[in-house]
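For reference, the structure discussed in these notes is given below.
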Amino acid sequence: MQPWVVVVASAGYLGLLFAVAYYGDRRADTGRSIIDNSTVYALSLAVYATSWTYYGSVGRAATTGVGFLPIYLGPTLMLALGWLVLRKIIRISRRNRITSLADFLSARYGKSTALGGLVTVIAVIGIVPYIALQLKAVSNTFEILVRYPVIVSTTELSQPPLVQDHALYVALLLAAFTIVFGTRHLDATERHEGMVAAIAFESVVKLVAFLMVGLFVTFGLFGGLGDLVTRAAAADLRHLFTLGDDTGGYSSWLWLTVLSMLAILLLPRQWQIGVVENVDERHLTRAMWLFPLYLLAINAFVLPVALGGLIRFGSGPVDADTYVLALPMAEGQRALALLVFIGGLSAATGMIIVETIALSTMVSNSLVLPFLLRRHAVRERDLPRLVLGIRRTTIVVVLLLGYAYFRVAGETSALVSIGLVSFAAVAQFAPALLGGLFWKGGTRDGALVGLAAGFAVWLYTLLLPSFAESGWLPASFLFEGPFGLGFLRPRELFGLTGMDPISHAMFWSMLVNIGGYVGVSLARRPHPAEPGQAALFVDVKTRPTSARLWRGRASMDDLRRLLERFLGPAGAANALDAYASRLGWTQPPVEADPELVDHVETLLAGAVGTASARVLVGSVVTEERPGIDEVMEILDEASQVRAYSRELEAKSRELEAVTADLRAANERLRELDQLKDDFVSTVSHELRTPLTSIRAFSEILLDNPDLSVDDRQQFLRQVVEETERLTPLINQVLDLSKLESGRMEWEIAAVDVGDVVRGSAESARQLFAQRGATLDVHVPHALPPVLADRDRLVQVVLNLLSNAAKFTRTTAAVDVSVHDGQIRVDVRDDGPGINTADQQIIFEKFRQGEDAGGDRPQGTGLGLPISRQIVEHLGGSLWVESDPGRGSTFSFTLPMAKEERS
Amino acid sequence: MDEERATPRLVAVAALGLLLFTPPLLSLFDRDIEVAGIPLLWAYLFLAWALIIGLVAAVVRRSS
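Taken in order, these protein sequences are the chains called C and Y. Using this note's numbering, the first residue of the first sequence is number 319, and each one after it goes up by one. Using this note's numbering, the first residue of the second sequence is number 3, and each one after it goes up by one.
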């Protein structure tokens, strides 16, 4: 086949790719996105299937049978978990405008610049061989195709001189494509719709091309799968039908499954397509089964083609990695061979384009920019141009690095082994990422230590051996260990044998990586800025807004200028207008509040990465010079948190106190309720006794008309006596109820207490005389008056006197005196006295104290409570002092009327 | 999508997949025999794979 045919076809295909990408961008600019579609999302995820899948799967199948499958089973499992893991990553990234894996890890661990840089370095070193692999596939297949109809093995291909090497031109062309569609402008979302459209298109092309070959081989060359299997069995290929554990096949199988589960998340291109370019997280629901189905379809014919190749070429010179191309060529199918080449080209270019975009974002945002900003080596005005410049340079450099690797080292290894080395490199991100997603305790130091240790082991056990194989290092390094130290042999570290190189490297690197991450996280306290970010990531569902407590303030103009530099005037205006309308501002304030500052930082993070955005915003935030600002903020956040927790504690203490009060009040209410019940039942009881007597005597009178007059007189007298007992009781109950409800009518006037006492003593003298006791009255002359209701006051004094009359033995006394502007009345008896315990009880309703003999006195038990209420209403107090066995003294005071006191 | 229902189901499907795709279950089918002209292991793996994809699709469809 003429080289120009292949070149024209390739150029035509790449031109078509440009057209699709251009169309996609145009549609995006007019707001009618073609990638806002779940099928397109699933197809673009198929960037996972590179030329490694396209050519390499058959190569691996030709030696291990189904051994190539774990690379595709793993993603199936991870996508099933996609709703749990991938969607969480998408949400976090969207909320925090995170645009790369490096940025994600940096943001998760307190916006750590060191971590972002380390991730970027690992990604670049890990991915360059993978890019080399793609270039190698394109170059080899090109060279094989142009020798048509002769079929040569890849080992026979001599490297063409540099200027004639088509792989170099492919690399440069791809760099151009990536720069045009990947770094067109700086954008806060870092999305590239045209590029994604082109990737989805490429996925269709490579699938169709591979299916065509598969169908041709299975049904054109052979009579279906059954025929192939029968002939393979006859050709002594039965070992491909099983896996067998005799050569460590199962352990390798298991590690490859784990590795590919991680790779589908962690490869920079998968992150770019799956997370950054995701338009709507709901697209995930279709991709979760459609993408694995795509992988199933593209792998369905791998085994038949491998068998077909092995049967057709035997152990001849044709490399199994090129069977896909060689089989149509050997059968004279020129058009099909060309289609296969184009399919392989699409698989390779898709991978290279997305991978370099992802790496360029990482390098500019997480490696170069933070470094330059820390050194204050750039003026802000130049930043946007600088960012795009860094990205474009990165794209070219990464592609040339890949090309150089391919030229120097790529000829020695099979496609699959190079790819797996890259897989193992990105798998080092897994502990920090998955730990960071679900475990708040993971810290920056832990992530740094784990990542660095895992990467070092990866370098030693996978990358250096591959250098040794390509002759860069002496072969003795591989077989005898460095400096002849046998236990350090890179593929049998510490004498661990019986594992293939990938499983061996994965075991050791994961051991130190996970161990370092978990161990250091547990052993050392996190930096102050970390817990907030950790919570933001782990609890993304429950915390819709940023929890950061940034307290910086900046002028609106400064912020606008900053945004304009990165998003352009229109973009900045849009972003600020959207924010303003959300808050309902009619006019933007001169000074931006902390929330807006935070918002701007998030917007900038989309363009330059979280760590750089913080430095940039810090430069316009007032009163927070670089260096101090971080300290201030961290202190502020910490003290805020502490203040909140103190507030919470205080609140909960208050609540406890209120609860206790309520409980007490409730208790009191219950007591009062009980008292009321007691009161009612006591009153009823007190009323019933005389009523029963009255009724009994009346009935006797009614039933016996012929009673003698004397008896009649007797009974009627009893009725009158009982009635007389009833009246004061009812009066007292009424008084008490009036006093308690506040409906008592008071006739307040100036009253001479001396008069009241003398009058009352006169009325009560008879009571004392009946008991054979005397009452002494001492009232000084010319007492000042008090303001009181005379009748009530008489009631109080009489009550005290009648009480004294009940208990006194020989002499009672009533004294009136003046103390401190108060009139004091003491009623003293020489009775049995009142127990200390009873001295309060007697002032309660219906409660009577027991005298020293244990007898209850006569009376209603309402007199003292009523008296105390009256005295208290008049502004005084009533109390008792008693010496059990020697008598009691009831005293009350009343304030003198005001004009008299002065 | 109804998250409460879908998430545990999808996790269960993933666990089933891991179980089916790895030894020791895998080794049960790792035998040098053919079923309907196809090596047993090949047929088993592709069928199990299709089953898992089908289950994910079914869960997604039923919970949306």
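Cβ atoms here follow ideal geometry from the backbone N, Cα and C, with glycine treated the same way.
CB-CB length for residue i against residue j, believed under 8 Å
i: C:S1206; j: C:S1200; result: 4 Å
i: C:L1196; j: C:I1141; result: That belief does not hold up - the Cβ atoms of C:L1196 and C:I1141 are roughly 13 Å apart, past 8 Å.
i: C:I517; j: C:R710; result: Not confirmed; about 20 Å, so no contact.
i: C:A770; j: C:S827; result: So it is not a contact: roughly 11 Å between Cβ atoms.
i: C:R613; j: C:A367; result: Checking the displayed sequence, the identity of residue 613 of chain C turns out to be Leu instead of Arg. Contact flag correct, Cβ pair sits at about 7 Å.
i: C:V658; j: C:A551; result: Contact flag wrong, Cβ pair sits at about 27 Å.
i: C:L577; j: C:A745; result: 6 Å
i: C:V858; j: C:I410; result: 5 Å
i: C:G768; j: C:G834; result: 4 Å
i: C:I591; j: C:S362; result: 5 Å
i: C:R1114; j: C:S1185; result: A quick correction: the sequence has Val, not Arg, at residue 1114 of chain C. At roughly 4 Å, the Cβ-Cβ gap stays under 8 Å, so C:V1114 and C:S1185 are in contact.
Proximity of residue i and residue j at Cβ, strictly below 8 Å
i: C:S873; j: C:E909; result: yes
i: C:K524; j: C:A665; result: yes
i: C:L755; j: C:I408; result: no
i: C:V1132; j: C:V1112; result: no
i: C:V681; j: C:T438; result: yes
i: C:V750; j: C:A765; result: In the sequence on display, residue 750 of chain C carries Ala and not Val. Yes, they are a contact pair.
i: C:A364; j: C:P586; result: no
i: C:A655; j: C:T381; result: no
i: C:L492; j: C:I616; result: no
i: C:V705; j: C:A925; result: yes
i: C:Y340; j: C:G512; result: yes
i: Y:V13; j: Y:L57; result: no
i: C:V1104; j: C:V1075; result: no
i: C:L625; j: C:L555; result: yes
Cβ-based burial, residue i [other Cβ within 10 Å; buried from 16]
i: C:S1059; result: exposed
i: C:L966; result: exposed
i: C:E531; result: Note that residue 531 of chain C is Val in the sequence shown, not Glu. That one is buried.
i: C:P635; result: exposed
i: C:K994; result: exposed
i: C:W868; result: Residue placement at C:W868 cannot be trusted, given a pLDDT of 47 that sits under 50; what the coordinates show is reported in the next sentence. Result: buried.
i: C:E942; result: Its pLDDT being 42, under 50, C:E942 is placed unreliably by the model, and the measurement read from it follows with that caveat. Buried, by the Cβ-count rule.
i: C:V326; result: exposed
i: C:W370; result: buried
i: C:D347; result: exposed
i: C:S1081; result: exposed
i: C:R866; result: Summary for C:R866: the model assigns pLDDT 46, below 50, so the residue's position carries little reliability; its value from the coordinates is reported in the next sentence. The residue is buried, with at least 16 neighbouring Cβ atoms inside 10 Å.
i: C:A1087; result: exposed
i: C:P1023; result: exposed
i: C:S970; result: exposed
i: C:A337; result: exposed
i: C:V514; result: buried
i: C:Y962; result: exposed
i: C:Q1084; result: exposed
Enclosing alpha helix (DSSP H) for residue i [first to last residue]
i: C:G650; result: Looking at the DSSP string, C:G650 is not in any alpha helix (DSSP H), and its letter there is neither H nor E.
i: C:E1199; result: Taken as a continuous stretch (DSSP letters only), C:E1199 belongs to no alpha helix (DSSP H), being part of the beta strand (DSSP E) at 1195-1201.
i: C:F537; result: Element bounds for C:F537: n/a, residue is neither H nor E.
i: C:D875; result: 874-901
i: C:A925; result: 912-926
i: C:K1056; result: 1027-1059
i: C:V767; result: 762-776
i: C:I1159; result: 1156-1159
i: C:D347; result: 321-347
i: C:I410; result: 404-414
i: C:E787; result: 782-787
N-terminal and C-terminal residue of the beta strand (DSSP E) that residue i is part of
i: C:G428; result: Taken as a continuous stretch (DSSP letters only), C:G428 belongs to no beta strand (DSSP E), as it is neither H nor E.
i: C:G1205; result: 1205-1213
i: C:A1067; result: 1066-1069
i: C:A1106; result: 1104-1107
Counterpart residues of residue i in DSSP-defined beta bridges
i: C:T1129; result: C:T1092
i: C:H601; result: Paired residues: none, contrary to the question.
i: Y:I40; result: Y:V37
i: C:D1144; result: C:D1133, C:S1209
i: C:E909; result: C:S873
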